[in-house]
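Here is the structure we will look at, set down as structure tokens.
Residue numbers (my numbering): 6 to 555.
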């Protein structure tokens with residue numbers, strides 16, 4: 006059907022896929038630089054969420070370094086940074102006790118702010134539109150378009166109104182082609198088009214495999230007497246074992262709200278592990294539960310995050326295209342901060358794009374904005390990631406050796422070691438067979454402090470048109486039972502934080518049921534499936550969660 010449908014097209018100087026901090030910062034910077042040069046350029050941002058911020062989820066504590074550079078007047082212009090960090094705490098948890106740890110440099114947040122990333126992206130979108138950027142939420146970039154010479158020509162948004170059978174319904178609307186001299190991919194972690202771009206141009210040929218984590222987050226309203234606006238607390242240890250990378254956070258916001266989250270590295274080995282249940286169990290710790298007793302949960306969400314750091318960054322450019330933000334993997338893992346790094350990557354990309362636009366007045370071939378790579382390597386962003394490059398891979402040795410090594414890195418070497426530690430390999434390749442592992446007995450949720458997946462997904466405000474093709478595609482449907490169930494005890498039923506995957510009985514035989522309407526677009530299944538049998542593709546634009554102020 007795709008091949009026979011006539012699609013309208015529009016031409017821009019730059020098209021940006023994704024209205025997150027990277028994409029919006031790139032758009033703003035492009036307009037700023039063009040205005041400074043007295044030039045007019047056209048910039049378009051497409052966002053698959055129903056509105057800007059709908060799919061945005063982060064902890065979030067922001068280092069305002071990049072924001073200061075991009076929009077130095079942000080304070081007087083109403084940026085939603087109104088909860089400065091007042092105190093840092095770091096805890097090591099055993100099952101019953103909590104031990105205070107020294108606040109290492111990576112956890113020192115003086116001058117930073119506890120924020121809602123959703124609110125920040127909405128504000129950034131307003132600043133971009135004030136500069137003349139066109140922003141189109143509710144339109145999913147579903148296809149990369151190419152020139153005859155193979156360079157990137159732009160993107161096409163997905164068709165709307167296609168039924169489960171793949172045929173057009175009475176609601177059908179053809180997608181739109183957006184042609185650009187330069188296309189910037191700012192889809193976030195494991196972006197579906199970014200993944201294709203990396204593969205087509207072998208952008209990861211000289212980098213280590215990307216490694217990921219899954220972050221699960223809730224927002225709670227707590228009694229006023231327990232609220233400590235600006236308190237930032239991180240923890241490690243229980244309930245995870247010493248071989249599993251991960252940790253938790255509690256960030257106190259204004260208005261008696263607390264953001265609580267749990268991150269598990271997706272290189273975990275035991276297929277019986279459930280990041281969602283580990284998070285629920287974390288809240289039952291005596292030191293943690295006292296924050297939430299008497300409160301109520303008001304929001305829920307989950308998202309994967311790129312943890313590979315500097316050595317897992319792919320080549321950042323291809324002819325006509327650039328990777329920015331977490332689509333490339335600029336997260337500073339030890340600091341648990343990626344907003345300022347994403348923003349800076351978008352700003353650097355904008356500089357490189359504008360230089361190419363100076364030389365490229367036609368759109369018959371996409372030039373490569375190669376200076377982006379150089380600008381990055383000369384920036385504070387590169388230096389920041391270089392200093393912490395060995396922390397995350399050191400955890401392949403186990404928690405205690407990694408703690409010892411991280412201490413040396415932070416206090417003695419300060420990131421200036423002459424070596425770079427390699428990562429463990431791929432996350433999906435880390436999973437052991439079920440026969441070699443011990444099942445984990447998770448307690449049932451109490452509905453007060455701990456919850457099940459379905460009640461959680463309800464709080465994510467998930468919405469998908471029921472009559473549309475399933476956007477979670479199996480390369481080999483038989484592998485779901487023949488390999489995943491028989492050899493790995495169906496890990497997809499546990500690593501998915503939204504109850505999308507379920508083993509049901511059909512005519513006396515097990516079958517994988519995909520509840521695609523539950524999907525919160527975290528991409529964990531695309532990453533962790535042991536045979537890489539699951540591919541996440543964009544559903545209809547506007548589908549998925551609506552996180553509001555997450």
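For every residue, glycine included, the Cβ atom is placed at its ideal position computed from N, Cα and C. Fair warning: this is a prediction, and the values are worked out from it, not measured in the lab.
Per-residue DSSP class, three states only, for residue i
{"i": "residue 508", "result": "strand"}
{"i": "residue 243", "result": "coil"}
{"i": "residue 97", "result": "strand"}
{"i": "residue 18", "result": "strand"}
{"i": "residue 103", "result": "strand"}
{"i": "residue 206", "result": "coil"}
{"i": "residue 8", "result": "Any reading at residue 8 is ruled out, since the residue's pLDDT is 45, under 50, leaving its predicted position unreliable."}
{"i": "residue 49", "result": "strand"}
{"i": "residue 387", "result": "helix"}
{"i": "residue 267", "result": "strand"}
{"i": "residue 323", "result": "strand"}
{"i": "residue 352", "result": "helix"}
{"i": "residue 291", "result": "helix"}
{"i": "residue 537", "result": "coil"}
{"i": "residue 516", "result": "strand"}
{"i": "residue 413", "result": "helix"}
{"i": "residue 72", "result": "helix"}
Identity of the residues DSSP links to residue i by a beta bridge
{"i": "residue 328", "result": "190"}
{"i": "residue 408", "result": "Paired residue(s): none; residue 408 is not in a bridge."}
{"i": "residue 238", "result": "94 and 255"}
{"i": "residue 337", "result": "342"}
{"i": "residue 225", "result": "263 and 302"}
Own chain residues within Cβ distance below 8 Å of residue i, not counting five before or after
{"i": "residue 213", "result": "313, 316, 317, 427 and 428"}
{"i": "residue 403", "result": "247 and 248"}
Length of the line joining the Cα atoms of residue i and residue j
{"i": "residue 471", "j": "residue 288", "result": "34 Å"}
{"i": "residue 253", "j": "residue 221", "result": "9 Å"}
{"i": "residue 507", "j": "residue 298", "result": "32 Å"}
{"i": "residue 66", "j": "residue 511", "result": "47 Å"}
{"i": "residue 303", "j": "residue 362", "result": "46 Å"}
{"i": "residue 392", "j": "residue 419", "result": "7 Å"}
{"i": "residue 147", "j": "residue 547", "result": "13 Å"}
{"i": "residue 479", "j": "residue 540", "result": "7 Å"}
{"i": "residue 293", "j": "residue 120", "result": "21 Å"}
{"i": "residue 503", "j": "residue 417", "result": "43 Å"}
{"i": "residue 81", "j": "residue 87", "result": "12 Å"}
{"i": "residue 544", "j": "residue 26", "result": "22 Å"}
{"i": "residue 535", "j": "residue 136", "result": "46 Å"}
{"i": "residue 156", "j": "residue 15", "result": "18 Å"}
{"i": "residue 236", "j": "residue 139", "result": "37 Å"}
{"i": "residue 145", "j": "residue 59", "result": "13 Å"}
{"i": "residue 282", "j": "residue 259", "result": "28 Å"}
{"i": "residue 492", "j": "residue 383", "result": "47 Å"}
{"i": "residue 280", "j": "residue 223", "result": "14 Å"}
{"i": "residue 274", "j": "residue 437", "result": "5 Å"}
{"i": "residue 7", "j": "residue 174", "result": "Note that residue 7 has pLDDT 43, beneath the 50 cutoff, so the model's placement of it is unreliable and the number below is only indicative. Rounded to the nearest angstrom, the two C-alpha atoms are 14 Å apart."}
{"i": "residue 390", "j": "residue 166", "result": "43 Å"}
{"i": "residue 159", "j": "residue 176", "result": "26 Å"}
Beta-carbon proximity check, residue i vs residue j, cutoff 8 Å
{"i": "residue 55", "j": "residue 348", "result": "no"}
{"i": "residue 126", "j": "residue 33", "result": "no"}
{"i": "residue 432", "j": "residue 533", "result": "yes"}
{"i": "residue 226", "j": "residue 300", "result": "yes"}
{"i": "residue 400", "j": "residue 323", "result": "no"}
{"i": "residue 290", "j": "residue 112", "result": "no"}
{"i": "residue 52", "j": "residue 352", "result": "no"}
{"i": "residue 5", "j": "residue 435", "result": "Nothing about residue 5 can be read from this structure; the chain reaches only from 6 to 555."}
{"i": "residue 309", "j": "residue 203", "result": "no"}
{"i": "residue 35", "j": "residue 24", "result": "no"}
{"i": "residue 517", "j": "residue 486", "result": "yes"}
{"i": "residue 370", "j": "residue 152", "result": "yes"}
{"i": "residue 234", "j": "residue 257", "result": "yes"}
Beta-carbon contacts of residue i that lie in its chain and below 7 Å, excluding the five residues immediately before and after
{"i": "residue 199", "result": "190, 192, 328 and 332"}
{"i": "residue 430", "result": "214"}
{"i": "residue 376", "result": "357 and 360"}
{"i": "residue 40", "result": "none"}
{"i": "residue 12", "result": "161, 179, 180, 181 and 182"}
{"i": "residue 490", "result": "508 and 515"}
{"i": "residue 425", "result": "316, 394 and 395"}
Own chain, CB closer than 6 Å to residue i, minus 5 neighbours either side, in chain order
{"i": "residue 17", "result": "47, 49 and 185"}
{"i": "residue 143", "result": "55, 546 and 547"}
{"i": "residue 554", "result": "121, 123 and 124"}
{"i": "residue 345", "result": "68, 70 and 71"}
{"i": "residue 461", "result": "305"}
{"i": "residue 465", "result": "305, 306, 525 and 550"}
{"i": "residue 500", "result": "529 and 533"}
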